[in-house]
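Participant: Residue numbers (this note's numbering): -16 to 232. Have a look at the structure that comes next, please.
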Amino acid sequence: MQIFGVDIGGSGIKGAPVDLDRGELTEERHKVLTPHPATPDAVADGVKEVVGHFGWTGPVGITFPGVVADGATIRTAANVDKAWIDTDARALLGDRLGGLPVTVLNDADAAGVAEMQFGAGRDRRGTVLLLTFGTGIGSALFVDGELVPNTELGHLELGGHDAEKRASTKAKEDGELTWEHWARRVTKYLAHVEMLFSPELFIIGGGVSRKADRFLPLIEGIKAEIVPAQLQNSAGIVGAAMRAAKTAS
């Protein structure tokens, strides 16, 4: 079975059809840059371009970088335009896609459900936390395989700032931090999250997971197991498609 997934991020909007039996993209993903300002209409146009690139006409799962209430209404918008707040994203995006069935969920939650089904969290029980490091820091919390949605732990306070302002990949790039310096910030963040939730497993996702060997060995003093995401930057697309299939069934 194939369903289309779209992952809206702070820097790019990417999507592809997904084989839900294998948890893999069936074609190379298509990506467009996230518009700035990332207003609802501008982002919706980007989503339309991505979906239209494949001529897709079925259900579409779409991630959003913020809290999504009831699969529709946007409640927070940290790395996109504030005009998204209180927008019915499901209605807006469905209309822009010509009435296609649309499902919307938090971006890190989407990555998490994909990793729990097909990746590093497969068959893991207890408390598992997936953290996506990119423009911000996304989080997906699972207890015995069940998702606790919209946790948004990237906005925990760390050193007097939102954690993602100190420890995201963007913070590393903007500050021109070495891997060693950035790993120290990530360690402080993980220690704080571990104190609050006591997970058995951290899964580190986002684009930086492709370079896990550069920083994971530098993280010390964390009791939980720490592993890189296996689906890497495709996890959000796969998870979005999974949610769309579940909604359509």
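Glycine included, C-beta positions come from ideal geometry on N, C-alpha and C. Since the model is a prediction, treat every value here as computed from it, not as a measurement.
Considering His164, what are the terminal residues of the alpha helix (DSSP H) in which it resides?
Facilitator: In the sequence shown, the residue the question calls residue 164 occupies position 181. Where His164 is concerned, the enclosing alpha helix (DSSP H) stretches over 162 to 180.
Participant: If distances are taken between C-alpha atoms only, which option among Val169, Val176, Gly117 comes closest to Leu124?
Facilitator: Here the question's residue 124 lines up with position 141 in the sequence shown. Comparing Cα-Cα distances from Leu124 to each of Val169, Val176, Gly117, the minimum goes to Val176.
Participant: Have a look at Ala228 and Thr40 and give me their C-alpha separation to the nearest angstrom.
Facilitator: Reading the sequence shown from its first residue, position 245 is the one you call residue 228. Reading the sequence shown from its first residue, position 57 is the one you call residue 40. A direct Cα-to-Cα measurement between Ala228 and Thr40 gives close to 14 Å.
Participant: At 4 residues or longer, and completely inside the stretch 58 to 96: list those alpha helix (DSSP H) runs for me, N to C.
Facilitator: 72 to 79
Participant: Would you tell me roughly how many angstroms separate the C-alpha atoms of Gly6 and Gly142, rounded to the nearest one?
Facilitator: Here residue 6 refers to the residue found at position 23 of the sequence shown. Here residue 142 refers to the residue found at position 159 of the sequence shown. The straight-line gap from Cα to Cα measures roughly 38 Å.
Participant: Shortest alpha-carbon distance to Glu11 belongs to which of His19, Ala21, Pro18, Pro0?
Facilitator: In the sequence shown, residue 11 corresponds to position 28, counting from 1. Considering only alpha carbons, the answer is Pro0.
Participant: What first and last residue would you give for the alpha helix (DSSP H) that runs through Val50?
Facilitator: Numbered from 1 along the sequence shown, position 67 holds the residue referred to as residue 50. It is not in any alpha helix (DSSP H) - Val50 carries neither H nor E in the DSSP assignment.
Participant: Taking just the CA atoms, how far does Gly219 sit from Gly117?
Facilitator: Here the question's residue 117 lines up with position 134 in the sequence shown. Here the question's residue 219 lines up with position 236 in the sequence shown. Straight-line Cα distance between these residues: approximately 12 Å.
Participant: For Gly44, I'd like the list of residues in its chain whose CB is within less than 6 Å of its CB, leaving aside the five on either flank, ordered along the chain.
Facilitator: Counting from one through the sequence shown, the residue named residue 44 turns up at place 61. Sequence-distant Cβ neighbours of Gly44 in its own chain, meaning closer than 6 Å and more than five residues away, are Gly(-12), Thr86, Ala223, Ala224, Arg226, Ala227.
Participant: Helix, strand or coil, according to DSSP, for His36 in the structure here?
Facilitator: The residue given as residue 36 occupies position 53 in the sequence shown. Note: His36 maps to helix in three-state DSSP.
Participant: Would you call the stretch 58 to 66 and the stretch 12 to 23 in contact, with 3 or more CB pairs under 8 Å?
Facilitator: yes
Participant: State the start and end residues of the unbroken beta strand (DSSP E) segment that holds Ile(-9).
Facilitator: Counted from its first residue, the sequence shown places residue -9 at position 8. Run containing Ile(-9): -15 to -9, per the beta strand (DSSP E) assignment.
Participant: Buried or exposed: which applies to Thr46, given that a residue is buried once 16 or more other Cβ atoms fall within 10 Å of its Cβ?
Facilitator: Taking the sequence shown and counting its residues from 1, one reaches residue 46 at position 63. With 16 or more Cβ atoms within 10 Å of its Cβ, Thr46 is classed as buried.
Participant: Just to confirm my understanding: we take Gly109, look at its own chain, exclude 5 residues before and 5 after, and list those with CB closer than 6 Å. What are they?
Facilitator: Within the sequence shown, the letter at position 126 stands for residue 109. Glu183.
Participant: Measuring CB to CB, does Met(-16) end up less than 8 Å from Leu8?
Facilitator: Position 1 of the sequence shown holds residue -16. Position 25 of the sequence shown holds residue 8. No, Cβ-Cβ distance for Met(-16) and Leu8 is not below 8 Å.
Participant: With a CB to CB cut of under 8 Å and the five nearest residues on each side skipped, what residues in its chain are close to Gly(-5)?
Facilitator: The residue you call residue -5 lines up with position 12 of the sequence shown. So the list reads Lys14, Val15, Leu16, Thr17, once near-sequence residues are dropped.
Participant: Quick check: the stretch 70 to 82 against the stretch 91 to 111, are at least 3 beta-carbon pairs closer than 8 Å?
Facilitator: No contact exists between the stretch 91 to 111 and the stretch 70 to 82.
Participant: Report, in whole angstroms, the separation of the C-beta atoms of Ile186 and Ala212, which I expect to be a contact under 8 Å.
Facilitator: On the sequence shown, position 203 is the one that residue 186 refers to. On the sequence shown, position 229 is the one that residue 212 refers to. Sure, about 5 Å apart at Cβ, within 8 Å.
Participant: Kindly indicate which residue of Leu214, Ala154, Phe180, Ala97 has the alpha-carbon position closest to the one of Leu112.
Facilitator: Reading the sequence shown from its first residue, position 129 is the one you call residue 112. That would be Phe180, whose Cα lies nearest to the Cα of Leu112.
Participant: Could you tell me the boundaries of the beta strand (DSSP E) in which Glu208 lies?
Facilitator: Mapped onto the sequence shown, residue 208 falls at position 225. Residues 208 to 211.
Participant: To the nearest angstrom, report how far apart Pro132 and Gly189 are at their CA atoms.
Facilitator: Start at 1 with the first residue of the sequence shown, and residue 132 comes out as number 149. Start at 1 with the first residue of the sequence shown, and residue 189 comes out as number 206. Rounded to whole angstroms, the gap between the alpha carbons of Pro132 and Gly189 is 18 Å.
Participant: How would you label Val169, buried or exposed, when you count the other beta carbons within 10 angstroms and need 16 or more for buried?
Facilitator: Counting from 1 along the sequence shown, the entry for residue 169 is found at position 186. Looking at its Cβ environment, which holds 16 or more other Cβ atoms inside 10 Å, Val169 is buried.
Participant: Flag this pair as yes or no: are the beta carbons of Leu80 and Val51 separated by less than 8 Å?
Facilitator: Indexing the sequence shown from 1 puts residue 80 at position 97. Indexing the sequence shown from 1 puts residue 51 at position 68. Taking the C-beta atoms as reference points, Val51 is found no nearer than 8 Å to Leu80.
Participant: Alpha helix (DSSP H) containing Ala231: first to last residue?
Facilitator: Working through the sequence shown from its first residue, we reach residue 231 at position 248. Segment 218 to 231, the alpha helix (DSSP H) holding Ala231.
Participant: By how many angstroms is the C-alpha of Ile(-9) removed from the C-alpha of Ala27?
Facilitator: As a position in the sequence shown, residue 27 is number 44, starting the count at 1. As a position in the sequence shown, residue -9 is number 8, starting the count at 1. Ile(-9) has its alpha-carbon roughly 10 Å from the corresponding atom of Ala27.
Participant: Does DSSP put Leu142 in a helix, in a strand, or in coil?
Facilitator: In the sequence shown, counting from the first residue as 1, residue 142 sits at position 159. Looking at the sequence shown, residue 142 is not Leu but Gly. DSSP places Gly142 in coil when its eight states are reduced to three.
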